[in-house]
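In terms of the working numbering, the sequence shown opens at residue 35 and continues consecutively.
Just so it is clear, CB atoms sit at the ideal spot from N, CA and C, and this is done for glycine as well.
First comes the structure, then the notes that go with it.
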Amino acid sequence: MITFNKILVPTDFSKGAEGAYAVAQKIAKKFGGKIDFIHIVPTLKYVNESIKRLGVPLDMNKDVYPRVIEEAEQKIDKAMSSYIVEQNRGDHFVKVDRRPSEAIVEHASKNGYDLILIGAKGAHETKMLRGSVTERVIRRSKVPVFSVGDRFNADDVKNIMVTTDTSELSLASFPMAAALADSFGASLTLFHVIELYGSISEDIPRSPAKGEAISIYEAIIERLNNYLTKRKIENIHVQRTGVTFEDEVVITDGDQSRTIPLFTKIEKGVSAHYEIENYASDSADLVMMATHGHSGFAHLILGSTAEKVAQYVSKPVITVRPEEKDFEEA
Numbered sequence: 035m036i037t038f039n040k041i042l043v044p045t046d047f048s049k050g051a052e053g054a055y056a057v058a059q060k061i062a063k064k065f066g067g068k069i070d071f072i073h074i075v076p077t078l079k080y081v082n083e084s085i086k087r088l089g090v091p092l093d094m095n096k097d098v099y100p101r102v103i104e105e106a107e108q109k110i111d112k113a114m115s116s117y118i119v120e121q122n123r124g125d126h127f128v129k130v131d132r133r134p135s136e137a138i139v140e141h142a143s144k145n146g147y148d149l150i151l152i153g154a155k156g157a158h159e160t161k162m163l164r165g166s167v168t169e170r171v172i173r174r175s176k177v178p179v180f181s182v183g184d185r186f187n188a189d190d191v192k193n194i195m196v197t198t199d200t201s202e203l204s205l206a207s208f209p210m211a212a213a214l215a216d217s218f219g220a221s222l223t224l225f226h227v228i229e230l231y232g233s234i235s236e237d238i239p240r241s242p243a244k245g246e247a248i249s250i251y252e253a254i255i256e257r258l259n260n261y262l263t264k265r266k267i268e269n270i271h272v273q274r275t276g277v278t279f280e281d282e283v284v285i286t287d288g289d290q291s292r293t294i295p296l297f298t299k300i301e302k303g304v305s306a307h308y309e310i311e312n313y314a315s316d317s318a319d320l321v322m323m324a325t326h327g328h329s330g331f332a333h334l335i336l337g338s339t340a341e342k343v344a345q346y347v348s349k350p351v352i353t354v355r356p357e358e359k360d361f362e363e364a
């Protein structure tokens, strides 16, 4: 089962960053995990602010860094004490780096985090739905990234949307989606778009008796169960109910099991990201997607659909990078 034993919350102490604190606490409370905070300010900002305060000449190591780090540590202590209960409170880190996004990604990767939970926007407000640091973290991180706005309320999550192009790579986010749906008491919706100019689902045989949408739907459910079996995720499987497009995710916990409603939505449209954005805006509370699907340079860049969704969908987004073995098999 997916666990969230270690959650990393980057912060610049802005209102946008604060939006992630309560969500991290809710997830940690459910899964019994620890929450660490990290604060990184670009080196250039340290220099500019310190010159104004101290004048020149100055010794960076003696005059600048200790003071700024001390101030940041005090702010982190206050934030963690205000938002995170003691049993879920982990460590905090303050680092000086010229590229905050890279420092966050590196820290998360080297220290075995299960999730990066970051505010969609930080102190540098932008008209884009996600700020530049958040966008770069999403693009580069091998650790799942959950980006939330300052108005997000975990208690309002009723439907989690999981996008898929029917490939195994695109199903990498499903186990985490199931865990979060279980945590939030939400339903799941598998969402696939048949693009007018060609989709990977074209390789799925169409049954004349069933039609295109049902043929794709049945193939997605079959591939999803195969994916869970191949990844040895034995406590999650999809159970057909006999009602088309309406099934159940069964989660086994020891001798007990519980179910999550699973809906499958097949849409036709000019582009996948446009249809995803439309559905998410009207019907989903949280969007989950793999960073890569059938297309794209898997080891180099974020998949084109995932990148556009992360940039333009207004709802909270969680991106999950497939494992290396998933890329090799694909």
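Whose C-beta lies closer than 8 Å to the C-beta of residue i among residues of the same chain, with five residues either side of it excluded?
i, result
"residue 259", "271 and 272"
"residue 127", "70, 71, 72, 73 and 141"
Starting from the Cα of residue i, find the closest Cα among the options and give me that residue.
i, options, result
"residue 148", "305, 214 and 109", "214"
"residue 135", "173, 57, 108 and 115", "173"
"residue 204", "292, 306, 57 and 153", "306"
"residue 151", "130, 282 and 188", "188"
"residue 325", "199, 105 and 256", "199"
Could you compute how far the alpha carbon of residue i sits from the alpha carbon of residue j?
i, j, result
"residue 303", "residue 310", "10 Å"
"residue 289", "residue 268", "13 Å"
"residue 36", "residue 62", "13 Å"
"residue 43", "residue 206", "22 Å"
"residue 120", "residue 357", "33 Å"
"residue 103", "residue 112", "14 Å"
"residue 64", "residue 238", "39 Å"
"residue 67", "residue 240", "45 Å"
"residue 8", "residue 118", "In the structure as shown, the chain starts at 35 and stops at 364, and residue 8 therefore has no counterpart that could be examined."
"residue 179", "residue 278", "32 Å"
"residue 39", "residue 209", "16 Å"
"residue 295", "residue 280", "7 Å"
"residue 275", "residue 248", "14 Å"
"residue 48", "residue 263", "43 Å"
"residue 292", "residue 313", "27 Å"
"residue 129", "residue 245", "57 Å"
Compute the beta-carbon to beta-carbon distance between residue i and residue j, rounded to the nearest angstrom, for a pair I have assumed lies under 8 Å.
i, j, result
"residue 41", "residue 56", "12 Å between Cβ atoms; not a contact."
"residue 153", "residue 54", "5 Å"
"residue 254", "residue 298", "6 Å"
"residue 351", "residue 181", "6 Å"
Leaving aside the five residues before and after residue i along the sequence, list all residues of the same chain whose C-beta is less than 7 Å from its C-beta, in chain order.
i, result
"residue 143", "176 and 177"
Can you find the residues in the same chain that come closer than 6 Å, C-beta to C-beta, to residue i, ignoring five residues on each side of it along the sequence?
i, result
"residue 138", "44 and 171"
"residue 342", "307"
"residue 197", "225, 310 and 323"
"residue 212", "270 and 283"
Is there contact here, the stretch 188-202 with the stretch 311-321, by at least three beta-carbon pairs under 8 Å? yes
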